[in-house]
Amino acid sequence: MDEFENQPSRKSSWFRFSLRSLLLLMLLVAVYLAGRYGNRHVFPSQLSGAWEATLPSGFVRTVTLIHLEENRFLLKSGGSVFNGVYQWQSDRLVVIQPDDKRMKGLIWKWDDGNMTLIGEPPGNPTGSSYLGAKMERLEKTEDEK
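First residue of the sequence shown? That's 1 in full-length UniProt numbering, and the numbers climb one at a time after it.
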């Protein structure tokens, strides 16, 4: 018992408690942010398939995205100015070879499972602005699953 009596009493340090609390808080914030932003990452294979495009004027048309290679896609729709080859860059689908040469500059932004047109050629070469057009994923058929 004598050896324990000679040791100085150990005081709990406020700094040590505070550091532990801070580390725990940082861990909780990291887990929260990982869950919140982790589902925004899109793999190119998730983009392939049928989509429904709703234009700002209210017209609706079916659009098909076909995965070509790596991050390149072919967008097809009957008589659409959006047709062409696109490249996936971060969270955007950027046209690199439009079927209609006037439509260079089209950019679709990924937003929680949908895409919104956020970029188009300057001066509205077709006479209409399509900014704000939305593409929503159509349900997959049994053959696609």
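Virtual Cβ for every residue (Gly too), placed ideally from N, Cα, C.
Going by beta carbons, residue 132 and residue 56 fall inside the 8 angstroms limit. Note that the C-beta distance between residue 102 and residue 121 is below 8 angstroms.
Under the three-state reduction of DSSP output, residue 95 falls in the strand class.
Each of 106, 92, 90, 71 was checked against the Cα of residue 83, and the nearest Cα belongs to 106. Inclusion of residue 92 and residue 109 in the CB contact set at 8 angstroms is warranted, their separation being smaller than that value. By the criterion of a C-beta distance shorter than 7 angstroms, residue 114 is surrounded in its chain by 134, 135, 136, once the five residues flanking it on both sides are discounted. DSSP places residue 53 within a strand segment (E or B) once states are collapsed to three. Distance between residue 61 and residue 27, taken at the CA atoms: about 45 angstroms. With contacts defined as CB atoms closer than 8 angstroms, residue 75 and residue 68 fail to qualify as a contacting pair.
Take residue 96, set aside five residues on each side of it, and the residues of its chain with a beta-carbon closer than 6 angstroms to its own are 85, 87, in chain order.
Apart from sequence neighbours up to five positions away, the residues of its chain that approach residue 130 with a beta-carbon distance below 7 angstroms are 55, 56, 117, 120, ordered along the chain.
Bounds of the beta strand (DSSP E) holding residue 115 are 114-119. Between the beta-carbon of residue 77 and that of residue 63 there is about 4 angstroms, and that keeps the pair under the 8 angstroms contact cut.
Only residues of its own chain outside the window of five on either side were considered, and among them 102, 103 have a CB closer than 8 angstroms to the CB of residue 125, listed in chain order. Residue 69: member of the beta strand (DSSP E) spanning 60-69, first to last residue.
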